[in-house]
């Protein structure tokens with residue numbers, strides 16, 4: 002679920018998931034994977050999210066190491082080009098995270114409305 006870009010305030014649950022000690026998945030890593038899927042480039046995804054390339058690469062490497070297989074596939078650059086694409090695992094991570102986020106926000110409607118009211122925002 003992408004965050005709304007309109008100017009009205011939005012109260013959402015954006016979960017962070019821990020799988021054992023080796024894997025943590027949260028909105029930042031999911032946003033990075035989503036941008037890599039859109040741009041086919043780690044560098045372009047990092048720029049779009051305002052983060053250094055090295056940070057983006059380290060986040061991807063952390064996921065690769067945690068899952069024991071790649072979340073993105075990279076092709077070496079040069080004359081023939083290069084690029085990055087999501088693997089099936091990377092795409093599935095986005096889909097599972099989005100489904101969890103939708104489910105959590107739907108089930109937390111009452112609590113989110115209460116938080117909105119505390120902030121003086123319309124529910």
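Residue numbers (our numbering): 2 to 124. Beta carbons are placed, not taken as given, at the ideal position from N, Cα and C, and that holds for glycine. Keep in mind that this is a model prediction, so the values were computed, not measured.
Margin query: Checking 9 Å against the spacing of the C-beta atoms, do residue 36 and residue 23 come in under that value?
Written below: Not closer than 9 Å, so no.
| In chain order, what residues of the same chain have a beta carbon less than 8 Å from the beta carbon of residue 83, not counting five sequence neighbours either side? | Non-local C-beta neighbours of residue 83 in its own chain, meaning closer than 8 Å and more than five positions away in sequence, comprise 75, 76, 77, ordered along the chain.
CB-CB under 6 Å to residue 64, same chain, minus the five flanking residues each way: which ones, in chain order?
Only 72 meet the Cβ criterion.
request  = List the whole-angstrom C-beta distance separating residue 34 from residue 105, where the pair is believed to meet the contact cut-off of C-beta under 8 Å.
outcome  = The pair is not a contact, with the Cβ atoms about 19 Å apart (cut-off 8 Å).
Smallest Cα separation from residue 90: which of 38, 28, 29, 13?
Among 38, 28, 29, 13, the Cα nearest to that of residue 90 belongs to 38.
request  = Work out the CA separation of residue 16 and residue 115 for me, nearest whole Å.
outcome  = Whole-angstrom Cα-Cα distance: 19 Å.
### Task
Rounded to whole angstroms, what's the CA-CA distance from residue 99 to residue 28? Just pull it up for me.
Annotation: residue 99 to residue 28 spans about 10 Å, alpha carbon to alpha carbon.
Query - Backbone secondary structure at residue 14 - three-state DSSP - result: Coil.
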